[in-house]
Each structure stands twice: as C-alpha cells, then as structure tokens.
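*Asks:* Position 344 of the sequence shown, counting from 1, maps to 344 under this note's numbering, and the rest follow consecutively. Where is the CB? At the ideal position from N, CA and C, for every residue including glycine. Source: prediction; values computed, not measured. Encoded as structure tokens, here's the structure I'll be asking about.
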Amino acid sequence: MIITSIQNIGKVYGGRSVFENLTWEIDDKARIGLVGPNGAGKSTLLKIVASLEDVTSGTVTWRRGLRVAYLPQHIAGNEHTPMQTVLAARTDLAQLEAEIAACEAALNSPAVLNDLDQMSEVLERQAKLLERFEAVGGPMVQNEARGHLVALGLEAEAFELPTNVLSGGQRKLIALAACLIQRPDLLLLDEPETHLDLARRGMLEALVREFSGAIVIISHDRYLLDETVTQIVQLEDGRVSTWLGNYSAYAVNRELMLQKQAQDFAAQQQEIARLEEAIKRFNLWASVFQNERSARQARVKQMQIDKMDKVEKPVLERRKLGLALRSAVRGGQKIVELRDVSMAFDADLVLLGVEQTIWRGERIGIIGANGAGKSVLGRLMMGLIEPTEGLVWRGPSISIGYFAQGVENLDHSATPIEVVRLTRSMYENQAIGFLDGFLFTYEQCRQPISTMSGGERARLQLALLMLDRPNCLILDEPTNHLDIAAAEVLENALDRYDGTVIVISHDRYFLDRVVDRVLVVTDGAVDSFSGGYSEWHEHRAALKRQQAEAAAERKRLQLEQQKKQAEASRKQQKAASNKR
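Following this line, the structure appears as structure tokens:
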C-alpha cells in the first residue's frame, strides 16, 4: 500500500533548482536507503516527505492518518532533560491532557455543578477523552519514554542532565527515542549514525530491522545500508532511480547498467550516423536529379531518427577528488612505540599502562566506545599531548600527518588558498588549480574556512595531507563528513599509499577496506587484534558464545550437583527414619 506519493514536484532555492518533475512513492513496508552526492537534495527531499518543507511545484499526498517521525541530521541541545525532550514529542498527549484538565476545571465550577445536563455533558466528554488517552498509551508514556532511552543505550547518569551538556551522540539517541515514542508509520532518518560509536550503531541496526513501519534512511554508512535496507533510491541531477537490494547490490548493478547504457548509446549513435549519412546522400540525389523518390526516402530516414527512443549518454564516472597520497621519504621500520603509557585528565584516568608498537607499512584501526580514549591515543602518538606517565617514542625519520576530527588544526579565519600556500610554496593560480582537484569552486577558494561545511573542511584537510607528503598518517574519523564517493576515493588512496596508516573510525565498511590490525580501547587498556574489523567482530562474537556456553555448562553442572546433594540428603533422611 502506498503511504506517500510525490508527483512531479519541483523545489527551487534562491533561484537554484534542486529538483524538477520528481516522482517517487513510498509503500507501507519500505526499507529504503536514500543515496546521492552531497548537495543533491537528499535532506530537502526528506523534509518535504516530513511536511517540513513546501514544494515549488507538483503535489505530495499522504495516506489519511499517517504518522511521520523525522530525525534531523543536526541535533541542538537545550535546557530540557532527555525525558522531557522525549515526552515533548507526544504533542497529541499534551493536547489530550489539556482537554482533560479543562473538563476537571469545568466540573469544579458552580455553573456546571448547578446544571445536571451540563454536568452530564462534561462527564461524558471527560470519559471519552480518558478513553482516547488510554488508547494512545498516555498512562504508560513515562515508562515507554524511559524504555526507549534505555534500549538505545543512554547512560543512567545522563537522564537528569540538560541536553545542551550532553555529547552529539547522546543527543542523537534522545532524538531517536523522541521519534519512536510517536509510534510512527513512516520513520525518516537523516544520517542517524553520525556521532554514534560501534556499539550504538549495532543498536541502530537492530532498531531499524525490528521497526514495523516504513523507513527511509539517508546515510554514508555503507555497512548500515547493507544490513538494514532492501531498496536503494538514488537522487542525482534532480531525479530519482530505484534499485532493489542493499547498497552493495546497488553499487554492482549500477555499474553494470552504466556499462550496458554506454554500449547501447554507442550502438545507437552509430546507427544515427549511418542514417544521417543516408539522408545526406538521398537529399543530394533529390537536388541533383529532381528525384521525389530520393527526397521521400530522406524524409523516411529522418522519421526513423526522430522516432527512436534516445539512449542518454551515461556519465560513467563523475568528477572525484584528485587525492593521491605519497610519502616524501621512506622512514625507519619502527614508527611509534608506547612504553607503559598512562594518561589522565585531573582525576579522570583515560589510559593505563599501554604498551604498543607500530611498524612501517601497517594499517591500524583504533576502535572503542565514545569516550574510551581513542582520540587521546591518536593525539599521544602524534605528539599533540604528553602522557601523564610513560614514554611515547617516535622514529627520528618519521613525519606524521594528522587529520583532526574537529578540524582544530585549521586556521578558520584563513582561506583555502592561504592554507594551501602556507603548506607548500606556489603561485595563487596554482593553488586554485590544485583546490579545483578537490572540487572547490573559485568562490569557495576565497571564502574563510569558517564558512565551509563539514565535508568541505574534510576535503581541505585531505588536500593538505597530499601536499605535506608524510610517511605516517593518523586519521581521526576521516569519513564523518565525506559522502560515499569521497570515502571510496580515500579508501583507494590509502590502499595505494606507501606509508603507515593509523585510523580512528566508527565506519565499519571503511575499516574493513583499510585496516589489517585493530587496536581496541576499553577501560583504559589497549588490546591488539591481528585482522580487519569484521574478523575482530566475528572473533568477539565467538568469544561471547563460548563464554555463554561455558556459563550454561557451569550452571548445568551446578544444578546436577545440587540434585545429587538433594538426593543424598533424602536418602540419609530415609535411612535415619528406617532406623527409628
């Protein structure tokens, strides 16, 4: 059943057309991943479906009574607690409570008390309101709100804090709980994985799989899209195209389709060229010999061309980042060594007794929960902070390039041209040409970095790393603001890079593509696992299964022992009774 229908809509922002004549339908059991390059209009389209944006032209219709919940990309905090924020999402309950309170106030007024007919009318209305309040879950809404927050992994100590002091990941979980408490038929999620650690992303996957209604997700997390959606909708150049299957199936099928389209286009162009040559020949004969038959044949050939279903020329590869990472010097075999390193901030112990060595050419992935100390470990390796105890040794010939998660290593008042020319001496036109390879327009090259988006700042950091040519890279959440195409360019560049890579990331697809050793930061300790993310995940799952089986076996043996003891006690009691 179709629950939302978009027909021939157009949307214009400040004279720029985002899309035109766009048609799309969502059914009641849809599991859709909405993909496309940054700036294609994905978030705008989601807001239109959520009734938060108007269309310039066309129509959008929703099934009568459809409940839609929308999770925005950016969640701002305020003075309200998580419980208050989640409960505020149930505006229908607030309205019912106000009407019930009005009935209670009316029943206490002298005018109603002295008029039996009016009192009966108010009592009847109050009964109906209470029945509706119970039907929509009003009496249990507090428990339901708390249940959603607990299920999504919000820590107990955060429940009474205002959301403006909580982390971005915590605010994302609260906003998601606020969506769920609305009991929506259609759930719209705009980059729900942002700021979530690996464990929370697993919870998000489980939530999406178990959600009974329709769901549309905008995400750059290809692992999430592979695990949760059954349909990919691509928004590009103002048009949507639908592909059955998850993201990996879409990527393969789209590539095959483009190759076939290229073959069909070439064959059609060859046929058109043949027909046009025939038209020229027939027109020449008609003009030279005044031959009506040749003129008619020329018109017939032209009609053949006009009636063709024209195959559009495919764009086999759109412009991508011109990222090529190489080291200036080879460097030594030992890159970084942590010798009994501990790190504390006041009374907060983050790392304790860490012993790790990074060797040349390794591809290291640092993973762990938010707040575990991953970025602290990266900053220690980089030399941005000094350990409380122990020693961080860096090879004398090692040059480290650092990608900062919060882009704090960039001068936000400078322009991209200025920071590029500070990194390497070059003329201004050379800097502009270089930045063009990272998809910056001439105007963007001259604007302060403070005005740039997260994706643009990430591209600029990558550009500077390419100019710097270090032989070791420490990348802290490099894919956070990159679209899928840019993330794939980075993966390929790291694959060809001749130096050492240390990456801190929650992007599981990216980790699988890049790393061959995993450092797991947990409770101040750093444990090493030889293998990629998926291998580590399977290893951990196997350990948990073994632990669960061992616990079950211990419990079984314990029960058997208790049964034997009970049987022995019973026999002793029976023997004692017989003696008496």
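Which residue from I9, A30, E20 puts its Cα closest to that of Q231?
*Replies:* Translated into the one-based positions of the sequence shown, residue 231 becomes position 231. Among I9, A30, E20, the Cα nearest to that of Q231 is on A30.
*Asks:* Please list, in chain order, all residues of the same chain as M466 whose beta carbon is under 7 Å from its beta carbon, the five residues on each side excluded.
*Replies:* For this step, residue 466 is matched to residue 466 along the sequence shown. Same-chain partners within the cutoff: L323, A324, L325.
*Asks:* Compare the Cα-Cα distances from D483 to each of C472, E456, R274 and report the closest residue.
*Replies:* Along the sequence shown, read from residue 1 onward, the residue named residue 483 stands at position 483. The shortest C-alpha separation from D483 is found at E456.
*Asks:* Just to confirm, is the Cβ distance from V233 to Q268 under 7 Å?
*Replies:* Position 233 of the sequence shown, counting from 1, holds the residue named residue 233. Position 268 of the sequence shown, counting from 1, holds the residue named residue 268. Contact flag unset, no.
*Asks:* For the stretch 201-213 and the stretch 519-532, state whether three or more C-beta atom pairs, one from each stretch, are separated by less than 8 Å.
*Replies:* no
*Asks:* Determine the direct distance from the alpha carbon of Q182 to that of L96, and round the result to whole angstroms.
*Replies:* Translated into the one-based positions of the sequence shown, residue 96 becomes position 96. Translated into the one-based positions of the sequence shown, residue 182 becomes position 182. In a straight line, the C-alpha of L96 is about 15 Å away from that of Q182.
*Asks:* Select from L116, L149, R556, E193 the residue whose C-alpha is nearest the C-alpha of T81.
*Replies:* Counting from one through the sequence shown, the residue named residue 81 turns up at place 81. Cα-wise, what sits closest to T81 is L149.
*Asks:* In angstroms with no decimal places, state the Cα-to-Cα distance between V229 and A249.
*Replies:* In the sequence shown, residue 229 corresponds to position 229, counting from 1. In the sequence shown, residue 249 corresponds to position 249, counting from 1. Approximately 11 Å between the Cα atoms of the pair.
*Asks:* Where L189 and Q297 are concerned, what is the direct C-alpha to C-alpha distance, given to the nearest angstrom?
*Replies:* Here residue 189 refers to the residue found at position 189 of the sequence shown. Here residue 297 refers to the residue found at position 297 of the sequence shown. Cα-Cα distance, rounded: 58 Å.
*Asks:* To the nearest angstrom, how far is it from the Cα of V514 to the Cα of R363?
*Replies:* Counting from 1 along the sequence shown, the entry for residue 514 is found at position 514. Counting from 1 along the sequence shown, the entry for residue 363 is found at position 363. One Cα belongs to V514, the other to R363, and the distance between them is close to 7 Å.
*Asks:* Just to check my reading of the structure: P416 and F440 have Cβ atoms closer than 8 Å, yes? What is that Cβ distance to the nearest angstrom?
*Replies:* Position 416 of the sequence shown holds residue 416. Position 440 of the sequence shown holds residue 440. That belief holds up - the Cβ atoms of P416 and F440 are roughly 6 Å apart, short of 8 Å.
*Asks:* Helix, strand or coil: which one does DSSP assign to V520?
*Replies:* For the purposes of this step, residue 520 is identified with residue 520 of the sequence shown, where counting begins at 1. Note: V520 maps to strand in three-state DSSP.
*Asks:* For V336, which residues from the same chain have a beta carbon less than 6 Å from its beta carbon, with the 5 sequence-adjacent residues on both sides left out?
*Replies:* To locate residue 336, count along the sequence shown from 1; it is residue 336. I358, M381, R394.
*Asks:* In terms of alpha-carbon separation, which member of L187, D54, L196, G169 lies closest to G77?
*Replies:* Position 77 of the sequence shown, counted from the first residue, corresponds to residue 77. Comparing Cα positions, the closest option is G169.
*Asks:* Hey, does E488 have any beta-carbon neighbour from chain E nearer than 7 Å?
*Replies:* The chain labelled as chain E is not found in the depicted structure, where only one protein chain is given.
*Asks:* Please report how far the alpha carbon of E25 lies from the alpha carbon of T242, in whole angstroms.
*Replies:* Residue 25 sits at position 25 when you count from the first residue of the sequence shown. Residue 242 sits at position 242 when you count from the first residue of the sequence shown. Going from the Cα of E25 to the Cα of T242 covers about 10 Å.
*Asks:* So, for F438: in the same chain, excluding its five sequence neighbours on each side, which residues have a beta-carbon less than 8 Å away from its beta-carbon?
*Replies:* Counted from its first residue, the sequence shown places residue 438 at position 438. Only L321, G322, L323, R459, L460, L462, A463 meet the Cβ criterion.
*Asks:* In chain order, what residues of the same chain lie with their CB nearer than 6 Å to the CB of F378, ignoring the 5 residues before and after it?
*Replies:* On the sequence shown, residue 378 is found 378 positions in, with the first residue counted as 1. Note that residue 378 is Gly in the sequence shown here, rather than Phe. Closer than 6 Å at Cβ, skipping near neighbours: I474, D476, I504.
*Asks:* From Q84 to G245, what distance separates their C-alpha atoms?
*Replies:* If you number the sequence shown from 1, residue 84 lands on position 84. If you number the sequence shown from 1, residue 245 lands on position 245. C-alpha separation (whole angstroms): 39 Å.
*Asks:* Which same chain residues end up closer than 8 Å to E292 when comparing Cβ atoms and leaving out the 5 residues on each side of it in sequence?
*Replies:* The residue given as residue 292 occupies position 292 in the sequence shown. Contacts found: A286.
*Asks:* Can you name the start and end residues of the beta strand (DSSP E) that G58 belongs to?
*Replies:* Taking the sequence shown and counting its residues from 1, one reaches residue 58 at position 58. Counting along the chain, G58 sits inside the beta strand (DSSP E) bounded by residues 57-62.
*Asks:* Using only the alpha-carbon positions, how far apart do D495 and E549 sit?
*Replies:* Counting from 1 along the sequence shown, the entry for residue 495 is found at position 495. Counting from 1 along the sequence shown, the entry for residue 549 is found at position 549. One C-alpha to the other measures close to 40 Å.
*Asks:* Out of curiosity, what's the CA-to-CA distance linking D411 and M452?
*Replies:* Along the sequence shown, read from residue 1 onward, the residue named residue 411 stands at position 411. Along the sequence shown, read from residue 1 onward, the residue named residue 452 stands at position 452. For D411 and M452, the distance between alpha carbons rounds to 12 Å.
*Asks:* According to DSSP, is L583 part of a helix, a strand, or is it coil?
*Replies:* A query on residue 583 cannot be resolved here, the shown segment of the chain reaching from 1 to 580 and no further.
*Asks:* For V407, which option in G14, A111, C472, S375 has the closest C-alpha, if you only look at C-alpha atoms?
*Replies:* The count along the sequence shown starts at 1 and reaches residue 407 at position 407. Of G14, A111, C472, S375, the residue nearest in Cα terms is S375.
*Asks:* Quick check: L198 and I367, are their CB atoms within less than 7 Å of each other?
*Replies:* Residue numbering aside, residue 198 sits at position 198 when the sequence shown is read from its first letter. Residue numbering aside, residue 367 sits at position 367 when the sequence shown is read from its first letter. Yes. Within cutoff.
*Asks:* Return helix, strand or coil for R281, following the three-state DSSP convention.
*Replies:* Reading the sequence shown from its first residue, position 281 is the one you call residue 281. Of the three classes helix, strand and coil, the one that applies to R281 here is helix, per DSSP.
*Asks:* Going by DSSP, which residues form a beta bridge with R421?
*Replies:* Against the sequence shown, residue 421 aligns to sequence position 421. In DSSP, R421 forms no bridge with anything.
*Asks:* Mind pulling the alpha helix (DSSP H) runs of 4 or more residues that sit fully within the stretch 374-436?
*Replies:* If we require 4 residues or more, the alpha helix (DSSP H) runs fully inside the stretch 374-436 come out as 374-382, 416-423, 428-436.
*Asks:* Can you find the residues in the same chain that come closer than 8 Å, C-beta to C-beta, to N409, ignoring five residues on each side of it along the sequence?
*Replies:* Counted from its first residue, the sequence shown places residue 409 at position 409. So the qualifying residues of the chain are Y402, Q461.
*Asks:* Can you give me the Cβ contacts of G137 inside the same chain, cut-off strictly under 7 Å, excluding the 5 residues immediately before and after it?
*Replies:* Residue numbering aside, residue 137 sits at position 137 when the sequence shown is read from its first letter. E144, listed in sequence order.
*Asks:* Name, in chain order, the residues that DSSP records as bridge partners for I502.
*Replies:* For this step, residue 502 is matched to residue 502 along the sequence shown. Paired residues: I364, I474.
*Asks:* Could you give the DSSP three-state label for S219: helix, strand or coil?
*Replies:* Along the sequence shown, one-based indexing puts residue 219 at 219. Correct three-state label for S219: coil.
*Asks:* Residue ranges of each alpha helix (DSSP H) run of no fewer than 4 residues wholly in the stretch 157-222, ordered along the chain?
*Replies:* 168-180, 198-210
*Asks:* Below 8 Å on the Cβ atoms is my guess for I174 versus L129; work out the distance and round it to an integer in Å.
*Replies:* Start at 1 with the first residue of the sequence shown, and residue 174 comes out as number 174. Start at 1 with the first residue of the sequence shown, and residue 129 comes out as number 129. Not a contact, Cβ separation roughly 29 Å.
*Asks:* Unbroken beta strand (DSSP E) runs of length 3 or more, entirely within the stretch 15-64: which are they?
*Replies:* The stretch 15-64 contains these whole beta strand (DSSP E) runs: 16-27, 31-35, 57-62.
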